[in-house]
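Trainee: Before we start, here is the structure in question, set down as structure tokens.
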Amino acid sequence: MTKQLEVLREYSEITRVVQREEEQRRHEIAQREEEQRRYEETAREICQALRTSPYERFKNTIPERYPGTCRWVVEHPQHRRWSQSYRDDVLWISADPECGKSVLAKSLIDHELKSAESHIVCYFSFKDIDDRNSLHTALCAILHQLFSCEPTLVRHAKNTWEKNGKVITSYVDQLWHILMAVASGQEEGEITCVLDALDECREEDRLYLIDLLSKFYLTADFSEPKKGRLKFLVTSRPCKDIRDKFDNITSSLPTIHLRGEDENNNIREEIDLVIQHRALKLANKYKLSEKSSSDLVEKLLTMESRTYLYVDLALQSIAMSFSNSYLPEKEPIVFLLASVEAAYQEVLDKVDVAQQVKVKLILGIVVSARRPLTIGEMAIALRLATVAEITSVKDLIIQEDHLRDNIRQWCGLCLFLDDSRIYLIHQTAKEFLVRSTHEPADARGWKYSPRL
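Residue numbers (UniProt numbering): 1 to 452.
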């Protein structure tokens, strides 16, 4: 009996131990689950806070590249060296206005750079408007893409977030610190950050970014290949302030600068491919004869100012002439002006006299807006600008569908719509329309004509 009692006591003790251990395990599991829940909640908060811009929409407004173009970069030895490098690296691609830098950047983001599964590609396209011209907005977009692609990387932002909260989205240094922490903690794979149109970032921010990139590049460890790498690709015009800043690293390491200014012949050849493709497509649409098609291509190929934008304006103007003609075959090709500026002038000269005041008002609103306006916002702005007395919300009502259907026709080819938002066709259009303080207004034409 005593022996049985001892066995029972031992069994009871074992049962209690097992129960305690089981309770401890359940407690630890619950604790881990709670920690994971809090981590995931914090991660969601961080990602939501970093979502400060619709960066995908910015990229998607850029046209796709034509087959056979962008080879001047993709096949260039400097680009190949950068793309095949097993270390942290920087590539700055500069080129003159209207040479297709943004189309190139989009193609690299969507195609060439996404060849490997372990490769995360992040991007931001700057624009000279308030919601797209700041460095902190760009870095928020980069980090949001990183954390969306690889949620575990959010851990690098957790401490900074817990100390500072949402305010970090406005502080470049903290955002950059997080990006560098992500890069240093990346055990394998590659992260590439594409920053397009740096020249359209506000001046103090773009110069500070180059300082950060210079420090990043000059302190990179080149002693041995890395499993985890961070690379930057930056595009811009060859502006003096950007060039002078980059000289800190390009003077001793010139391979980081791919100069599109030295590739004008190759760029011109690629533009000629686009001319042939689009001109023949236009000729087929309007059923031109083989001779007329050849004449159209030949005339376009003999233009002096063959840039992507100029070709686009020329072809759109020709298409408009064909569309308004009873005999497109006999329509003279007259849109062969000396420059894009002359092209803008020609496009706007075709605006109906009765519509010119309205068109100047629309263009003035577009270039003055801090961000791209929706059709509805433009409708309200037009009413505010043209109605003498507004006493109720009803006074602001305007037919949005009518405005959407006609705004591009009124303004020639200077505007385009994307997702019901109104954009200038190119940064050069803003430069044509906006007068700096030291430049006189041209009373005879459209240049500097909007009242700002």
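Beta carbons: idealized from backbone N, C-alpha and C, even for Gly. Just so you know, these numbers come straight off a predicted model, no measurement behind them.
Taking L415 and L382 to be in contact with their CB atoms under 8 Å, please state how far apart those CB atoms are, rounded to whole angstroms.
Mentor: About 14 Å separates the two Cβ atoms, so there is no contact after all.
Trainee: Counting only runs of 3+ residues fully inside the stretch 161-198, write out the beta strand (DSSP E) ranges in chain order.
Mentor: Listed in chain order, they are 189-196.
Trainee: Please list, in chain order, all residues of the same chain as residue 465 whose beta carbon is under 6 Å from its beta carbon, the five residues on each side excluded.
Mentor: Summary: the structure shown does not reach residue 465, with the chain confined to residues 1 through 452, and so no result is reported for it.
Trainee: DSSP state of V357, grouped into three classes?
Mentor: Here V357 sits in helix by DSSP.
Trainee: Checking the sheet assignment: what are the DSSP bridge partners for R259?
Mentor: BP columns for R259 point to S94.
Trainee: For L363 and H402, I'd like the C-alpha separation in whole angstroms.
Mentor: Approximately 17 Å, taken between the alpha carbons.
Trainee: Go ahead and label S107 buried or exposed: buried means 16 or more other beta carbons lie within 10 angstroms of its beta carbon, across all protein chains shown.
Mentor: Classification for S107: buried.
Trainee: Would DSSP call residue 467 helix, strand or coil?
Mentor: Here the chain covers residues 1 to 452 and nothing more, so residue 467 does not appear.
Trainee: At the level of alpha carbons, what is the spacing between F232 and E341?
Mentor: Whole-angstrom Cα-Cα distance: 33 Å.
Trainee: Name the DSSP bridge partner or partners of I422?
Mentor: According to DSSP, I422 bridges with L417.
Trainee: Examine the ligand NAD and report whether any of its heavy atoms sits within less than 6 Å of the Cβ of A314.
Mentor: Ligands are entirely absent from the displayed structure, and the ligand NAD is therefore not among its contents.
Trainee: E346: buried (16+ other C-beta within 10 angstroms of its C-beta) or exposed?
Mentor: Buried, by the Cβ-count rule.
Trainee: Relative to the alpha-carbon of E40, which residue among F147, V17, E6 has its alpha-carbon at the smallest distance?
Mentor: Of the listed residues, the one whose Cα sits closest to E40 is F147.
Trainee: Would you mind working out which of T61, Y86, S170, V274 sits nearest S125, comparing C-alpha positions?
Mentor: Among T61, Y86, S170, V274, the Cα nearest to that of S125 belongs to T61.
Trainee: Go through its chain and collect everything with a Cβ distance to Y217's Cβ below 6 Å, but skip five positions before and after it.
Mentor: Answer for Y217: V90, I249, listed in chain order.
Trainee: Does Y133 pass the burial test, meaning 16 or more other C-beta atoms within 10 Å, or should it be called exposed?
Mentor: Reading off the sequence, residue 133 comes out as Asn, not Tyr. By the 10 Å Cβ count, N133 comes out buried.
Trainee: Are the stretch 136-144 and the stretch 178-193 touching by the rule of at least three beta carbon pairs closer than 8 Å?
Mentor: Touching, yes.
Trainee: DSSP three-state label for D88, please.
Mentor: Note: D88 maps to coil in three-state DSSP.
Trainee: Please go through the same chain and pick out, in chain order, the residues whose beta-carbon is closer than 7 Å to the beta-carbon of K358, but skip the five residues on each side of it.
Mentor: Only W410 meet the Cβ criterion.
Trainee: Look at S170 and L198 and say whether their C-beta atoms are less than 7 Å apart.
Mentor: No, the pair does not count as a contact, with Cβ atoms beyond the cut-off.
Trainee: For the alpha helix (DSSP H) holding F58, just list the boundary residues, first then last.
Mentor: First-last of the alpha helix (DSSP H) with F58: 55-60.
Trainee: Going along the chain, which unbroken runs of the alpha helix (DSSP H) with 4 or more residues stay wholly within the stretch 241-327?
Mentor: Those alpha helix (DSSP H) runs which fall completely within the stretch 241-327 and span 4+ residues are 264-285, 290-301, 308-323.
Trainee: Tell me where the alpha helix (DSSP H) around H76 begins and ends.
Mentor: Unbroken run through H76: none, as it is neither H nor E.
Trainee: Checking the sheet assignment: what are the DSSP bridge partners for F124?
Mentor: According to DSSP, which records beta bridges pairwise, F124 is partnered with L195.
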